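Note that the sequence shown covers residues 12 to 528 in the numbering used here.
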Amino acid sequence: MSGKDKRPSDRDLGMDRDIDRRDFLNGVAIGAAALAAAATEAQAADAPFAQDRPGYYPPERTGMRGSHPGSFEVAHELRDGKFWQTAAKPEDIDTVYDLIVVGGGISGLSAAHFYRVAKPDAKILILDNHDDFGGHAKRNEFHFPGGRMELMNGGTMLIDSPRPYSAVADGLLKTLGIDPVTLSKQCNKPEVYRALGLQGATYFDRETFGSDKLVVGGAGRRRGSEGSGLKEFLDQAPLTDKAKAGILRIEEGDVDYMPGLSSAEKKDRLSRVSYRDFLLNIAKLDPSAIAFYQTRTHGEWGVGIDAESALDCWGLGLPGFQGMKLAPGSAPRMGYTAAGYADGGSYRFHFPDGNATIARLLVRELIPAAMPGTGVENVVTAKADYAALDRKGAPVRIRLSSIAVGARNIGEPANSRGVEVAYARDGNVFRVHGVNCVLAGWNMMIPYLCPELPQAQKAALHQLVKVPLVYTTVALRNWHAFRKLGIQGANCPGGDFTGIQLNSTVDSGSDRRPSGA
Ligand SMILES: Cc1cc2nc3c(=O)[nH]c(=O)nc-3n(C[C@H](O)[C@H](O)[C@H](O)COP(=O)(O)OP(=O)(O)OC[C@H]3O[C@@H](n4cnc5c(N)ncnc54)[C@H](O)[C@@H]3O)c2cc1C
């Protein structure tokens with residue numbers, strides 16, 4: 012390695028051992044010598060790893076459940092160039108898979124599904140660094156005395172896309188038995204909260220607005236005037252008179268702030284200013300009102316209104332544009348998400364555990380023993396058998412708490428004779444071989460797994476950084492405080508958490524939301 016080129020070599024990756032002796036043609040044969048040198052799958056993977064032990068059930072765990080402790084440290088060491096300095100010597104595993112998938116989220120599980128459709132006898136190994144499968148589409152279970160279970164999405168909230176689902180994605184949902192349009196009609200129960208008279212609210216905090224105050228209502232004309240009107244809401248808000256008048260105009264006024272320009276010209280101009288600049292400098296909103304809007308974009312983009320274009324905020328339905336006669340539909344210079352929603356978006360449906368149901372249905376398809384029952388609705392209440400995920404001899408195996416640390420072609424990529432994937436688990440490093448490999452993990456980690464990639468491709472992959480998005484789920488034995496306040500949730504524009512919400516009222520199969528007063 013030269014001083015200039017700090018790319019890890021194969022030796023650094025622990026992947027320098029000669030593997031030419033293996034013949035991956037047709038994806039079946041493996042030399043006897045290799046077998047002799049390798050640990051058996053039983054030794055390497057059927058040791059008493061946590062997921063095989065009785066009582067292992069991650070959906071019930073609490074605390075940090077996204078990138079939880081134990082899931083990311085190895086990745087950080089790899090990034091910092093430290094992992095291979097202290098890593099255990101990789102141990103070869105004897106089984107050769109037709110496909111190795113890195114990442115057990117919806118993408119990785121779907122890759123395994125489609126591969127099995129094309130090759131029903133394929134042997135597939137799925138590796139994931141977390142203690143649970145599903146990637147972002149996980150779930151949290153809360154169990155109450157009397158056997159009642161409350162479910163929450165542990166990340167991904169709902170079936171919803173800025174663009175209509177592709178034929179492939181839509182087809183997969185159908186294959187899994189999911190019909191979002193019918194399910195929405197049958198299962199969504201918004202009337203539960205409505206019947207109790209619960210409204211939205213805003214919590215104004217002292218640090219941002221000068222006093223701590225919960226003000227109920229304020230949906231206003233723009234959002235379908237259910238509950239208290241905006242004027243009554245603003246009358247109670249700890250805001251200056253100028254701020255109140257400005258908010259009323261932004262939310263309900265019909266002002267064209269760019270008279271004389273065509274719709275296309277307005278859209279172009281709006282694409283070149285932030286929403287904050289639009290409010291302040293074009294709509295002339297009083298600066299004291301900005302805090303009311305500053306975090307409106309956090310939930311979608313993870314950044315404030317100063318970092319999002321006004322046009323994208325129009326696409327997402329933020330207020331202030333209703334008098335500007337903007338033609339419906341996306342325009343050049345819009346972001347992918349906002350442009351998609353401006354063009355109509357997709358169908359939507361929220362399972363009680365978010366998109367974890369999709370991941371669980373895929374797991375049931377791949378490893379029936381791991382997900383008891385049949386049908387979409389009953390998968391919601393099914394208790395997964397984690398010990399069945401990685402059974403010896405099974406055609407599909409999902410190995411948790413196993414982080415891929417290296418992946419490479421055997422031979423030149425153009426004439427590859429298979430792939431070799433190294434992964435770390437419980438302080439050990441294993442090396443497994445396959446005919447094919449799908450990297451369905453996180454893009455920004457791929458340059459560390461495949462250091463031989465061209466620089467330009469690595470630079471592009473590095474750009475795909477993630478924005479932290481934190482959901483906290485709390486199980487309440489008694490939620491009557493919400494009823495007494497008359498609220499279903501509240502925006503908290505100055506808070507560390509920018510909103511609080513009662514669970515969605517969705518019934519699915521035997522999973523029923525409580526609806527009592
Ligand atoms: C909080 C949150 C809310 C979201 N809400 C929605 C929503 O409502 N609707 C929607 O459609 N989308 C939503 N998304 C986007 C969501 O990420 C995608 O819809 C989808 O679930 C992504 O699936 P995936 O398999 O591509 O990636 P992921 O779900 O990220 O799965 C990839 C898996 O690979 C693992 N992995 C990465 N690197 C390695 C490695 N080296 N070795 C082993 N494993 C590795 C990851 O840890 C992860 O478990 C949300 C995302 C988040 C974070």
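For each residue, glycine too, the CB sits at the ideal point set by N, CA and C.
Since the model is a prediction, treat every value here as computed from it, not as a measurement.
The C-beta distance from residue 410 to residue 396 rounds to 15 Å, too long to fall under 8 Å, and the pair is not in contact. Rounded to the nearest whole angstrom, the CA to CA distance from residue 443 to residue 164 is 33 Å.
Beta-bridge partners of residue 103 (DSSP): 442. Around the Cβ of residue 140, a 10 Å sphere holds 16 or more other Cβ atoms; the residue is buried. One Cα belongs to residue 129, the other to residue 283, and the distance between them is close to 47 Å. Residue 279 and residue 317 have their C-alpha atoms some 18 Å from each other.
By the beta-carbon neighbour count (other beta carbons within 10 angstroms, threshold 16), residue 222 is exposed. Straight through space, the alpha carbons of residue 472 and residue 417 are spaced by roughly 16 Å.
Restricting attention to 98, 71, 72, the CA atom closest to the CA of residue 84 is found in 98.
With at least 16 other beta carbons inside 10 angstroms of its own, residue 183 counts as buried. Along the length of the stretch 199–227, whole alpha helix (DSSP H) runs at least 4 residues long occupy 202–206, 217–220, reported in chain order. Under the DSSP assignment, residue 153 falls in the beta strand (DSSP E) whose first and last residues are 150–154. Ligand 1 has a heavy atom closer than 7 Å to the beta-carbon of residue 167. Less than 8 Å divides the Cβ of residue 430 from the Cβ of residue 421. Going by DSSP, residue 137 is part of the beta strand (DSSP E) stretching over 135–138. With a threshold of 7 Å, the Cβ atom of residue 511 does not count as near ligand 1, since no heavy atom of the ligand is closer than that.
With a threshold of 16 other beta carbon atoms within 10 Å, residue 226 meets it and is buried. For residue 430, the enclosing beta strand (DSSP E) has its first and last residue at 430–436.
Under DSSP, residue 419 forms a beta bridge with 431. Rounded to the nearest whole angstrom, the C-alpha separation of residue 312 and residue 475 is 14 Å. A distance below 8 Å between beta-carbons, with the five flanking residues on each side excluded, links residue 292 to the following residues of its chain, in chain order: 284.
The beta carbons of residue 117 and residue 74 sit about 24 Å from each other, so the pair does not count as a contact at 8 Å. Straight-line spacing of the CA atoms in residue 86 and residue 434 works out to 11 Å. Rounded to the nearest angstrom, the gap between the Cα atoms of residue 327 and residue 345 is 11 Å. Burial of residue 123 is indicated by the presence of at least 16 other C-beta atoms within 10 angstroms of its C-beta.
Contact between residue 445 and residue 137 does not hold, since their C-beta atoms are separated by about 11 Å, which reaches or exceeds 8 Å. Residue 285 sits in a strand when the DSSP states are folded into three classes. Taken through DSSP and simplified to helix, strand or coil, residue 487 comes out as coil. When the five nearest sequence neighbours on each side are left out, the beta carbons in the same chain lying within less than 7 Å of the beta carbon of residue 90 are those of 459, in order along the chain.
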